[in-house]
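Student: In my numbering, the protein residues as written are 79 to 382. One structure, as structure tokens, below. Some questions next.
Structure representation (structure tokens):
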């Protein structure tokens with residue numbers, strides 16, 4: 079979204095009481111609070127999208143990513159956070175703005191295939207890859223999730239996907255893999271994929287973070303691709319995840335999952351719903367008790 083404000087400039091704590099598109103006990107609220115999972119998962123999603131020449135051409139030819147990777151990343155992150163944690167009215171308004179912009183995006187691939195951003199097949203794939211990337215990054219580098227939680231995450235993602243125009247989001251990991259099988263024949267390697275990874279590895283999209291961590295994040299994202307996709311995209315040994323990468327990202331992911339920042343979108347959203355700012359960082363039992371209190375109309379303890 080070209081003109082969106084940075085997430086830090088949005089007050090997710092208001093208006094008091096307004097629900098988000100998803101409930102605070104959803105797997106999405108648990109996963110999206112972790113910046114390591116969002117960073118790795120978002121890159122994996124883009125790689126899966128760029129495997130398709132129609133999406134790759136649409137993004138590269140019609141977005142500012144290659145000339146303004148920092149701004150483009152921040153705007154994309156803002157929309158993702160709004161879709162998960164924002165008041166439903168603001169989330170829908172932001173998504174509607176994205177959809178209006180996408181309505182103007184159409185063209186042709188170098189091979190001559192026509193595309194338009196609002197093609198239902200492409201919208202379905204983009205929604206599916208975003209969910210798959212965030213989910214698998216959290217599972218791999220933060221905290222293992224059971225099969226039931228993974229499938230619940232993908233089922234619940236339909237509420238957000240439909241706002242973006244998706245019509246057929248996969249309700250399970252198995253169904254995602256089946257969707258992948260229908261798309262895979264059109265996948266191809268391309269220099270733009272390697273240029274995108276170079277932007278990530280260089281740190282241009284997120285300055286101020288050690289370059290080693292940027293390289294580790296890029297390799298981690300590649301590691302989330304199904305093996306047959308990685309082979310088709312010719313992402314060879316150069317992108318193998320090292321043992322040090324795993325240790326570094328695992329530590330960063332676990333630490334991020336324990337740090338509740340009052341000014342962050344997840345914490346502000348909890349306050350908006352009358353829950354403690356650190357609700358998402360408490361045990362499942364505590365969360366359940368707090369939600370029961372809220373449902374009974376009693377103010378949860380330490381909600382401020």
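Note that beta-carbon positions come from the ideal geometry of N, C-alpha and C, so glycine has one too. Note that the structure is a prediction, hence the values are computed from the model and not measured.
For residue 320, tell me which candidate among 144, 225, 237 and 296 has the shortest Cα-Cα distance.
Tutor: As a position in the chain shown, residue 320 is number 242, starting the count at 1. Of the listed residues, the one whose Cα sits closest to residue 320 is 296.
Student: How many Å lie between residue 343 and residue 358 at the Cα?
Tutor: Within the chain shown, residue 343 is the residue found at index 265, counting from 1. Within the chain shown, residue 358 is the residue found at index 280, counting from 1. Whole-angstrom Cα-Cα distance: 12 Å.
Student: Over the uninterrupted alpha helix (DSSP H) stretch that includes residue 228, give me the two end residues.
Tutor: What you label residue 228 is simply residue 150 of the chain shown in a count that begins at 1. Residues 225-234.
Student: Given a cut-off of 8 Å on the beta-carbon distance, is the pair residue 283 and residue 235 in contact?
Tutor: The sequence position of residue 283 within the chain shown is 205, counting from 1. The sequence position of residue 235 within the chain shown is 157, counting from 1. No, they are not a contact pair.
Student: From residue 154 to residue 120, what distance separates their C-alpha atoms?
Tutor: As a working note, residue 154 is residue 76 in the chain shown. As a working note, residue 120 is residue 42 in the chain shown. The alpha-carbon atoms of residue 154 and residue 120 are separated by roughly 9 Å.
Student: Excluding five sequence neighbours on each side, which residues of the same chain lie with their C-beta closer than 6 Å to the C-beta of residue 223?
Tutor: Counting from one through the chain shown, the residue named residue 223 turns up at place 145. Within the same chain, residue 223 has close Cβ partners 217.
Student: Is it the case that the segment 263-273 contacts the segment 304-311, given that we only count it when at least three CB pairs across the two stretches are under 8 Å?
Tutor: These segments touch.
Student: First and last residue of the beta strand (DSSP E) that includes residue 186?
Tutor: As a position in the chain shown, residue 186 is number 108, starting the count at 1. Residues 184-186.
Student: So, do the segment 99-116 and the segment 137-144 have three or more beta carbon pairs nearer to each other than 8 Å?
Tutor: Touching, no, given that fewer than three Cβ pairs across the two stretches are closer than 8 Å.
Student: Compute the beta-carbon to beta-carbon distance between residue 177 and residue 281, rounded to the nearest angstrom, for a pair I have assumed lies under 8 Å.
Tutor: Taking the first residue of the chain shown as 1, we reach residue 177 at position 99. Taking the first residue of the chain shown as 1, we reach residue 281 at position 203. No, residue 177 and residue 281 are not in contact; Cβ-Cβ is about 31 Å, not under 8 Å.
Student: Touch check for the segment 187-207 and the segment 253-264: three-plus C-beta pairs under 8 Å?
Tutor: Yes: at least three Cβ pairs fall under 8 Å.
Student: Cutting at 6 Å between CB atoms, please list the residues of its own chain near residue 140, excluding the five before and the five after it.
Tutor: The count along the chain shown starts at 1 and reaches residue 140 at position 62. These residues qualify, in order along the chain: 183.
Student: Are there 16 or more other CB atoms within 10 angstroms of the CB of residue 259, so buried, or fewer, so exposed?
Tutor: Translated into the one-based positions of the chain shown, residue 259 becomes position 181. It is exposed - the Cβ of residue 259 has fewer than 16 other Cβ atoms within 10 Å.
Student: Find out if the Cβ-Cβ distance for the pair residue 303, residue 125 is shorter than 8 Å.
Tutor: For the purposes of this step, residue 303 is taken as the residue at position 225 of the chain shown. For the purposes of this step, residue 125 is taken as the residue at position 47 of the chain shown. Yes, the Cβ-Cβ distance between residue 303 and residue 125 is below 8 Å.
Student: Rounded to the nearest angstrom, how far is the Cβ of residue 329 from that of residue 212, given a contact under 8 Å?
Tutor: By 1-based counting over the chain shown, the position of residue 329 is 251. By 1-based counting over the chain shown, the position of residue 212 is 134. Contact flag wrong, Cβ pair sits at about 20 Å.
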